[in-house]
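Notes to accompany the following structure.
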Amino acid sequence: MQNIHPIFDKVLSRQHKEQLLQQKSVVIWMIGLSGSGKSTIAKEVEKSLHQQGFLTQLLDGDNLRTGINNNLGFSEADRLENIRRSAETAKLFLNCGIITICSFISPTKQIRELAAGVIGQEDFLEVYVNAPFEECERRDVKGLYAKARKGEIKNFTGLDAPFEAPEQPFLELRTDQKDLPTCTQELLQAILPRIQIS
Numbered sequence: 529m530q531n532i533h534p535i536f537d538k539v540l541s542r543q544h545k546e547q548l549l550q551q552k553s554v555v556i557w558m559i560g561l562s563g564s565g566k567s568t569i570a571k572e573v574e575k576s577l578h579q580q581g582f583l584t585q586l587l588d589g590d591n592l593r594t595g596i597n598n599n600l601g602f603s604e605a606d607r608l609e610n611i612r613r614s615a616e617t618a619k620l621f622l623n624c625g626i627i628t629i630c631s632f633i634s635p636t637k638q639i640r641e642l643a644a645g646v647i648g649q650e651d652f653l654e655v656y657v658n659a660p661f662e663e664c665e666r667r668d669v670k671g672l673y674a675k676a677r678k679g680e681i682k683n684f685t686g687l688d689a690p691f692e693a694p695e696q697p698f699l700e701l702r703t704d705q706k707d708l709p710t711c712t713q714e715l716l717q718a719i720l721p722r723i724q725i726s
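Numbering of the sequence shown is given in our numbering, commencing with residue 529 and proceeding in unit increments.
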């Protein structure tokens with residue numbers, strides 16, 4: 529570390545970039561079981577924000593695992609490193625004034641605290657996309673539940689690896705009780721006051 533000389537204090541500030549973009553940046557960190565609807569809602573929210581003139585970036589767990597995190601598996605240590613790298617990436621976009629929508633299972637309190645610590649608690653909006661395990665398994669949009677039941681996937685969240693529901697998320701979306709347009713609108717209404725420059 530002695531040969532590293534960060535220049536954080538010499539680069540343009542986040543405020544300069546927010547002023548240029550006429551928006552306030554945040555990180556919307558969407559968590560929930562596989563198949564709960566995280567990515568689907570994230571895509572709809574991004575589309576809507578884009579149509580309203582906001583600059584966004586969507587970071588999806590599967591997408592990052594094909595690139596920056598492609599050397600990581602699903603052990604506890606690798607899951608932590610996956611979230612650490614993802615949070616560091618989100619922070620880069622945050623500091624560019626970009627509204628960053630993240631879609632990661634983030635199954636444990638420890639993992640979410642790690643992400644919030646990297647990003648900064650005040651900019652970390654935790655959105656719990658909540659659907660019961662049985663409903664996510666019924667949907668099985670990626671075929672993962674069937675593979676996990678056959679033993680082809682180990683440490684599958686909700687089955688043989690824990691999912692700890694957040695106690696006080698910024699917002700909870702019950703996708704087993706509400707449709708996609710309703711959940712999308714609820715999220716948009718919750719975040720718009722945080723991203724608009726008055």
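The C-beta atom is built at its ideal place from N, Cα and C for all residues, glycine as well. If you're wondering where the values come from, they're calculated on a predicted model, not measured in any experiment.
Could you tell me which residues DSSP pairs with residue i in its beta bridges?
i           : result
residue 489 : The structure shown does not extend to residue 489, since the chain spans only 529 to 726, so no value can be given for it.
residue 629 : 556 and 586
residue 656 : 559 and 700
When the Cα atoms are used, what is the spatial distance from residue i to residue j?
i           : j           : result
residue 656 : residue 697 : 6 Å
residue 613 : residue 709 : 31 Å
residue 586 : residue 628 : 6 Å
residue 661 : residue 561 : 7 Å
residue 557 : residue 683 : 22 Å
residue 625 : residue 546 : 5 Å
residue 664 : residue 687 : 12 Å
residue 581 : residue 603 : 40 Å
residue 670 : residue 658 : 18 Å
residue 685 : residue 691 : 6 Å
residue 681 : residue 672 : 8 Å
residue 550 : residue 578 : 13 Å
residue 540 : residue 666 : 48 Å
residue 568 : residue 605 : 28 Å
residue 711 : residue 620 : 27 Å
residue 645 : residue 638 : 10 Å
residue 542 : residue 647 : 13 Å
residue 595 : residue 725 : 34 Å
residue 598 : residue 589 : 11 Å
residue 601 : residue 635 : 15 Å
residue 689 : residue 552 : 36 Å
residue 544 : residue 674 : 49 Å
Whose CA, out of the options, lies closest to the CA of residue i?
i           : options               : result
residue 653 : 575, 721, 709 and 580 : 721
residue 591 : 621, 605 and 610      : 610
residue 571 : 695, 725, 677 and 630 : 630
residue 618 : 599, 651 and 635      : 651
residue 701 : 679, 564, 605 and 637 : 564
residue 623 : 704, 548, 705 and 714 : 548
I believe residue i touches residue j by the beta-carbon criterion, under 8 Å. Please report the beta-carbon distance rounded to the nearest angstrom.
i           : j           : result
residue 576 : residue 699 : The Cβ separation is near 15 Å, so there is no contact.
residue 554 : residue 723 : 6 Å
residue 640 : residue 694 : 7 Å
Would you say residue i and residue j are within 8 Å of each other, going by their C-beta atoms?
i           : j           : result
residue 583 : residue 615 : no
residue 632 : residue 559 : yes
Say whether chain C places a C-beta atom closer than 8 Å to the C-beta of residue i.
i           : result
residue 696 : The structure shown has no chain C; it contains just one protein chain.
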